[in-house]
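Here's the structure, in structure tokens; my notes come after.
2 protein chains.
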Amino acid sequence: MEKLDIKELFKNTSKYKDQEITLQGWIKTVRDSKTFGFIELNDGSFFKNVQIVFNNTLSNFDEICKFTISSSITVTGKVVLTPDAKQPFEIQATSIELFNLCDQEYPLQKKRHSFEYLRTISHLRPRTNTFNAVFRVRSVVAFLIHRYFQENGYVYLNSPIITCADCEGSAEMFNLTKFNLNEPIPQKDGKTDFSQDLFGKQTFITGTGQLHGETFAHAFGKIYTFGPTLRTENSNTKTHANEFWMVEPEICFCDLEDLMDIEEDFLKYIVKNVLEMCPEELEFCDKFIQNSLIEKLQKVCNSTFTRLDHKEAIDILKKADREWEFKPEYGEDLAKEHEKYITEYFNGPVFVKNWPKDIKAFYMKQNADGKTVAAVDLEVPGAGEIMGGSQREENYEKIINRMKEINMDTEELNWYLDLRRYGSTIHSGFGLGFERLLMYITGMENIRDVIPFPRTPGNCDF
Amino acid sequence: MEKLDIKELFKNTSKYKDQEITLQGWIKTVRDSKTFGFIELNDGSFFKNVQIVFNNTLSNFDEICKFTISSSITVTGKVVLTPDAKQPFEIQATSIELFNLCDQEYPLQKKRHSFEYLRTISHLRPRTNTFNAVFRVRSVVAFLIHRYFQENGYVYLNSPIITCADCEGSAEMFNLTKFNLNEPIPQKDGKTDFSQDLFGKQTFITGTGQLHGETFAHAFGKIYTFGPTLRTENSNTKTHANEFWMVEPEICFCDLEDLMDIEEDFLKYIVKNVLEMCPEELEFCDKFIQNSLIEKLQKVCNSTFTRLDHKEAIDILKKADREWEFKPEYGEDLAKEHEKYITEYFNGPVFVKNWPKDIKAFYMKQNADGKTVAAVDLEVPGAGEIMGGSQREENYEKIINRMKEINMDTEELNWYLDLRRYGSTIHSGFGLGFERLLMYITGMENIRDVIPFPRTPGNCDF
Chain A
2 MEKLDIKELF KNTSKYKDQE ITLQGWIKTV RDSKTFGFIE LNDGSFFKNV QIVFNNTLSN
62 FDEICKFTIS SSITVTGKVV LTPDAKQPFE IQATSIELFN LCDQEYPLQK KRHSFEYLRT
122 ISHLRPRTNT FNAVFRVRSV VAFLIHRYFQ ENGYVYLNSP IITCADCEGS AEMFNLTKFN
182 LNEPIPQKDG KTDFSQDLFG KQTFITGTGQ LHGETFAHAF GKIYTFGPTL RTENSNTKTH
242 ANEFWMVEPE ICFCDLEDLM DIEEDFLKYI VKNVLEMCPE ELEFCDKFIQ NSLIEKLQKV
302 CNSTFTRLDH KEAIDILKKA DREWEFKPEY GEDLAKEHEK YITEYFNGPV FVKNWPKDIK
362 AFYMKQNADG KTVAAVDLEV PGAGEIMGGS QREENYEKII NRMKEINMDT EELNWYLDLR
422 RYGSTIHSGF GLGFERLLMY ITGMENIRDV IPFPRTPGNC DF
Chain B
2 MEKLDIKELF KNTSKYKDQE ITLQGWIKTV RDSKTFGFIE LNDGSFFKNV QIVFNNTLSN
62 FDEICKFTIS SSITVTGKVV LTPDAKQPFE IQATSIELFN LCDQEYPLQK KRHSFEYLRT
122 ISHLRPRTNT FNAVFRVRSV VAFLIHRYFQ ENGYVYLNSP IITCADCEGS AEMFNLTKFN
182 LNEPIPQKDG KTDFSQDLFG KQTFITGTGQ LHGETFAHAF GKIYTFGPTL RTENSNTKTH
242 ANEFWMVEPE ICFCDLEDLM DIEEDFLKYI VKNVLEMCPE ELEFCDKFIQ NSLIEKLQKV
302 CNSTFTRLDH KEAIDILKKA DREWEFKPEY GEDLAKEHEK YITEYFNGPV FVKNWPKDIK
362 AFYMKQNADG KTVAAVDLEV PGAGEIMGGS QREENYEKII NRMKEINMDT EELNWYLDLR
422 RYGSTIHSGF GLGFERLLMY ITGMENIRDV IPFPRTPGNC DF
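Here the protein sequences come in this chain order: A and B.
Numbers in the numbering used here are just positions in the first sequence, counted from 1, shifted up by 1.
Numbers in the numbering used here are just positions in the second sequence, counted from 1, shifted up by 1.
Structure below.
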């Protein structure tokens, strides 16, 4: 008598035909009549439940009929194939033992709950079908990201999250301190005395691992980071959270065209494999979260991604026969409505490249035209921008001059600038917001619903 | 003419025999005589260098002879097998083009540098053999951790790092705030007014994902976390850092014995696979970092781990014919010297289980004796404790009573206690300090040397 995972039972059912097995899990539903009953059991290993049949020959039949939803039980019984029923097999129980009777107050009774309500019980919501599907997909996609990069020779870098560098603009960074904030903060000469803090200087939580990533790329050729990112944006929108995960690959000997090849290959790999590895979860999402989700995902795998300059994108937008909320302009960013139009225009994913330099970061490769940088955003139907990348400026003089132009402190980033002095290379990288990818894959519309315990302005529970 | 990774060339050399290929990378050494010269080239994809032979038939021969270490170049040439030489093949260059001549100030000239010095150039040290080996092993081990858990049906949970819960003791937690620490902090009624901070309350960086992990284990059966952890300990030792990575699995329907099975299986899987996947790197570590490293690792894979009670361990220590710096006592923790003695006594890894409850955490399963809890530490020869775990107390009354006994606020952890009301299970989990495992695997003796950009008291550079 073997203790099995439900997943194993679903994947290799015939192996257990007519065998006696033992399962442990939680009750999803109980129904009974006078002489027999059914329990839907789940142990968390698989999206689908196992049907348990029990009858009044069991000594504790009356007790079983009163078991509550989410009670934890141990079931022993025979696996019987049921080719004519809606489930492929059922377990005819020879023994059902209770471990813990779930309290009557359990908030996830068998009815629909709003996503808003479920956010107030983030510790329980992964037990619902929707969140069970979403968070298993999250886990599988995270693994696929690692697998893609490891299979392709990238080294995983754990870039530091504590930083003293102010280069990203401290306005977006959290302060990190050991100072007791309930007491007066040490002062010296009328200023905060950070020499008394743990690191002896003011420290923040960094919003990117890119700069550190570039240093490791110049040792390993190709690296990627994948870790949490904190930002202080006070935005209460469906796409903003103050804690989220980012993927940031950096590749040496790689120009903008090579980078687009990598981004396209990467995205197709993730989508193709998650379709294969999470069929039950994505079918559920297709049915209950976003219509035609699977069709959308399959289409991306089979499409060729368009590549066009920012200028060409603006040309197309200007020619479009429609009213814009935000008028498209050559020197400016694309609005959500523009991104949408462009992906619909080309009926698939679009790389928009070579952006106006004044709206992009200092480290981006300056193009020969003196006006644009070799940046690229990937726009995807139904989600807009999901990756942003660029070729990095590898010329020491050019990057220093750009930093001075925008009044950046070059001293503080000497270590970063060293890369341009000690074996500089043509190199590129991109950033992917992990949650944005998950929203795209699952069809969930609010970032709070793809993060296990979301942190947003005013919200830090659990 | 194909652009290749050096790794591909080493792994499938015969495929490229007598072919013309192109490589891009950095110069490790250049030697020349009047008519020909050698370059050792590396592109970061593989631990070993490729030998390039160039001769004075190349139009830029004189220039090449002056190339500096770490200059980035493109080499085209023919792959020639050299069965009688120390390297299996070499490239006879038909063209060598410079991309960036490395500045003469480059600090990593061909001589030995101390680890202390190399920490001051953390952005360059992965280019040295030692740190190239260490950080590639770090990447491979990280992936193996994911692969082990994913192959065994665990769901990866990104537990939040921002927390409002004070249960771990805020003394060890960093404060996280959007308040400008260079200005007076908002006050109300003589106290800090956290309602004006981003989350509307005081927030910290959490030091563990365990409690959140348990909530997800009760939905998915088995989960693991793997992410950064920040702690404020003001310790300048070889084994402490303020930012490090932790792995924390939680498993339902799993008691202490099952947990030890999992820990043993997990550790053997990691060690066995890293030996296979990083032979060049570990041979280097064996030769230059720790003698007999590989033998030590192989031995762990083939040993059976001893399991004994804390009380039995103390019995053995008390009977030992030696002087202790710290006298072993039944109610107390094991000191480093005790851990060492125990692993030597059993000549292999040892699980020490059932610890005195007063020196362990509130959530651990209370044993029937009323004195001990079902905790277990895994002690490994040469490294001491590398994993700490326990069966968790699943009984609502018992855990509440224990919390009250030690004056904990139960209200704040209501969500955590809910797990004991809504389908409680026998469940267990452990924590692994990722860097401690890496020190064990590579033989490196200072935690600062297995973290890409280490943060320790007074040190937060780069």
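Beta carbons are placed, not taken as given, at the ideal position from N, Cα and C, and that holds for glycine.
All figures in this text were calculated on a predicted structure; none of them were measured in a lab.
Worksheet item: Whose Cβ in chain B lies nearer than 8 Å to the Cβ of R137 of chain A?
Response: Position 136 of the first sequence, counted from the start, is the residue given in the question as residue 137 of chain A. By Cβ distance, chain B contributes V156 and F221.
Worksheet item: Which ranges does the beta strand (DSSP E) cover as unbroken runs of at least 3 residues, wholly within the stretch 276-309 of chain A, from first to last along the chain?
Response: Inside the stretch 276-309 of chain A, DSSP marks no whole beta strand (DSSP E) run of 3 or more residues.
Worksheet item: Does DSSP put P127 of chain A in a helix, in a strand, or in coil?
Response: Here residue 127 of chain A corresponds to residue number 126 of the first sequence, with the count starting at 1. Note: P127 of chain A maps to helix in three-state DSSP.
Discussion item. According to DSSP, Q188 of chain A sits in a beta bridge with which residue or residues?
Written reply: Here residue 188 of chain A refers to the residue found at position 187 when the first sequence is read from its first residue. Bridge partners of Q188 of chain A: A:T193.
Item to complete: Could you check the C-alpha separation between H428 of chain B and F254 of chain B for me, to the nearest Å?
Response: As a first step, residue 428 of chain B must be located in the second sequence, where it is residue number 427. As a first step, residue 254 of chain B must be located in the second sequence, where it is residue number 253. H428 of chain B and F254 of chain B have their C-alpha atoms roughly 5 Å apart.
Worksheet item: So, helix, strand or coil for D63 of chain B, using DSSP?
Response: Translated into the one-based positions of the second sequence, residue 63 of chain B becomes position 62. If DSSP states are grouped into helix, strand and coil, D63 of chain B belongs with the helices.
Item to complete: Step through the CB atoms of chain A and report whether any lies within less than 8 Å of the CB of T216 of chain B.
Response: Within the second sequence, the letter at position 215 stands for residue 216 of chain B. Using a CB distance cut-off of 8 Å, T216 of chain B counts as an interface residue toward chain A.
Discussion item. Going residue by residue through the stretch 140-174 of chain B, where are the continuous beta strand (DSSP E) segments of at least 3 residues, counting only ones entirely within it?
Written reply: Within the stretch 140-174 of chain B, the complete beta strand (DSSP E) runs of at least 3 residues are 156-158.
Practice prompt. Give, in chain order, every residue of the stretch 57-84 of chain A whose Cβ lies closer than 7 Å to some Cβ of chain B.
Written response: Cβ contacts with chain B: S71, S72 and S73.
Discussion item. Closer than 8 Å is the cut-off here; do at least three beta carbon pairs connect the stretch 65-76 of chain A with the stretch 15-29 of chain A?
Written reply: Touching, yes.
Fill in: Beta-carbon gap between L268 of chain A and L283 of chain A smaller than 8 Å
For this step, residue 268 of chain A is matched to residue 267 along the first sequence. For this step, residue 283 of chain A is matched to residue 282 along the first sequence. Taking 8 Å as the Cβ cut-off, L268 of chain A and L283 of chain A do not qualify as a contacting pair.
Worksheet item: With 16 as the cutoff for other CB atoms within 10 Å, does T193 of chain A come out buried or exposed?
Response: Start at 1 with the first residue of the first sequence, and residue 193 of chain A comes out as number 192. With 16 or more other Cβ atoms within 10 Å, it is buried.
Practice prompt. Determine, using beta carbons only, whether H124 of chain A and T426 of chain A come nearer to each other than 8 Å.
Written response: Walking along the first sequence from the start, residue 124 of chain A turns up at place 123. Walking along the first sequence from the start, residue 426 of chain A turns up at place 425. With respect to T426 of chain A, H124 of chain A sits apart: the two C-beta atoms are not nearer than 8 Å.
Discussion item. Going by DSSP, what residue range makes up the beta strand (DSSP E) through E251 of chain B?
Written reply: Indexing the second sequence from 1 puts residue 251 of chain B at position 250. Where E251 of chain B is concerned, the enclosing beta strand (DSSP E) starts and stops at E244 to C253.
Worksheet entry | Option nearest L379 of chain B by Cα separation, candidates B:Y364, B:L335, B:K319 and B:A362 | Reading the second sequence from its first residue, position 378 is the one you call residue 379 of chain B. Selected option, being the one with the closest Cα: B:L335.
Item to complete: Could I get the ranges of all uninterrupted alpha helix (DSSP H) runs contained in the stretch 333-395 of chain A, with 4 residues as the minimum, in chain order?
Response: Runs of the alpha helix (DSSP H) lying entirely within the stretch 333-395 of chain A and spanning at least 4 residues, in chain order: 337-347.
Item to complete: State yes or no: is the C-beta of F289 of chain B nearer than 7 Å to some heavy atom of the ligand NAD?
Response: In the structure shown, the ligand NAD is absent, as is every other ligand, since no ligand is present at all.
Worksheet item: In or out: D6 of chain B buried (at least 16 other Cβ within 10 Å) or exposed?
Response: Counting from 1 along the second sequence, the entry for residue 6 of chain B is found at position 5. Burial call: buried.
Discussion item. Within the continuous beta strand (DSSP E) that includes I40 of chain A, where are the two ends?
Written reply: Numbered from its first residue, the first sequence carries residue 40 of chain A at position 39. F37 to N43 is the extent of the beta strand (DSSP E) around I40 of chain A.
Discussion item. Please tell me whether F227 of chain A and V156 of chain A are closer than 8 Å, where the distance is taken between their beta carbons.
Written reply: For the purposes of this step, residue 227 of chain A is taken as the residue at position 226 of the first sequence. For the purposes of this step, residue 156 of chain A is taken as the residue at position 155 of the first sequence. For F227 of chain A and V156 of chain A, no; Cβs fall outside 8 Å.
Discussion item. Going by beta-carbon coordinates alone, are W416 of chain A and F90 of chain B separated by less than 8 Å?
Written reply: Position 415 of the first sequence, counted from the first residue, corresponds to residue 416 of chain A. Position 89 of the second sequence, counted from the first residue, corresponds to residue 90 of chain B. Contact: no.
Worksheet item: In terms of alpha-carbon separation, which member of A:K111, A:I146 and A:D419 lies closest to V275 of chain A?
Response: Working through the first sequence from its first residue, we reach residue 275 of chain A at position 274. Comparing Cα positions, the closest option is A:I146.
Worksheet item: Taking buried to mean at least 16 other C-beta atoms within 10 Å of its own C-beta, is K297 of chain A buried or exposed?
Response: Stepping through the first sequence from its first residue, residue 297 of chain A is reached at position 296. Per the 10 Å Cβ criterion, buried.
Discussion item. Can you check whether the C-beta of P229 of chain B is within less than 8 Å of a C-beta belonging to chain A?
Written reply: Taking the first residue of the second sequence as position 1, residue 229 of chain B is located at position 228. With 8 Å as the cut-off, P229 of chain B counts as an interface residue toward chain A.
Worksheet item: Where does the unbroken beta strand (DSSP E) through Y225 of chain B begin, and where does it stop?
Response: As a first step, residue 225 of chain B is located in the second sequence; it is residue number 224 there, counting from the start. Where Y225 of chain B is concerned, the enclosing beta strand (DSSP E) stretches over K223 to L231.
Practice prompt. Compute the Euclidean distance between the alpha carbons of H470 of chain A and K202 of chain A, then round it to the nearest angstrom.
Written response: Any property of residue 470 of chain A remains undetermined from this structure, which presents chain A solely from 2 to 463.
Discussion item. Any C-beta of chain A within less than 7 Å: which residues of the stretch 412-445 of chain B qualify?
Written reply: Taking 7 Å as the Cβ-Cβ cut-off against chain A, the residues of the stretch 412-445 of chain B that qualify are W416, D419, R422, Y423, G424, S425 and T426.
Item to complete: For N237 of chain A, count neighbouring C-beta atoms within 10 Å of its own C-beta (all shown protein chains included) and say buried if the count is 16 or more, exposed if not.
Response: Within the first sequence, the letter at position 236 stands for residue 237 of chain A. Burial check for N237 of chain A: the Cβ neighbour count within 10 Å stays below 16, so the residue is exposed.
Worksheet item: Can a CB atom of chain D be found closer than 8 Å to the CB of R232 of chain B?
Response: The question asks about chain D, but that chain is absent: this structure's protein chains are A and B.
Discussion item. Assuming V464 of chain B and V377 of chain B are in contact, meaning their beta carbons sit under 8 Å apart, how far apart are those beta carbons, in whole angstroms?
Written reply: Not covered by the structure: residue 464 of chain B. The range shown for chain B is 2 to 463.
Worksheet item: Do you know how far the Cα of K405 of chain B is from the Cα of N43 of chain A?
Response: In the first sequence, residue 43 of chain A corresponds to position 42, counting from 1. In the second sequence, residue 405 of chain B corresponds to position 404, counting from 1. N43 of chain A and K405 of chain B have their C-alpha atoms spaced approximately 34 Å apart.
Item to complete: Using three-state DSSP, classify I400 of chain A as helix, strand or coil.
Response: By 1-based counting over the first sequence, the position of residue 400 of chain A is 399. Under the three-state reduction of DSSP output, I400 of chain A falls in the helix class.
Worksheet item: How many whole angstroms separate the CB atoms of G430 of chain A and G390 of chain A, which I take to be in contact at a CB cut-off of 8 Å?
Response: Translated into the one-based positions of the first sequence, residue 430 of chain A becomes position 429. Translated into the one-based positions of the first sequence, residue 390 of chain A becomes position 389. Going by Cβ atoms, the distance from G430 of chain A to G390 of chain A rounds to 6 Å, so yes, they are a contact pair.
Discussion item. Do V451 of chain A and R1 of chain A count as a contact pair if the criterion is CB distance below 8 Å?
Written reply: No answer is possible for residue 1 of chain A: the residues shown for chain A start at 2 and end at 463.
Worksheet item: Once you ignore the five residues that flank D310 of chain B on each side, which residues in its own chain have a CB closer than 7 Å to its CB?
Response: Within the second sequence, numbered from 1, the residue matching residue 310 of chain B stands at position 309. K354 and N355, listed in sequence order.
Worksheet item: Below 8 Å between beta carbons: does that hold for I224 of chain A and E184 of chain A?
Response: What you label residue 224 of chain A is simply residue 223 of the first sequence in a count that begins at 1. What you label residue 184 of chain A is simply residue 183 of the first sequence in a count that begins at 1. Cβ atoms of I224 of chain A and E184 of chain A: not closer than 8 Å.
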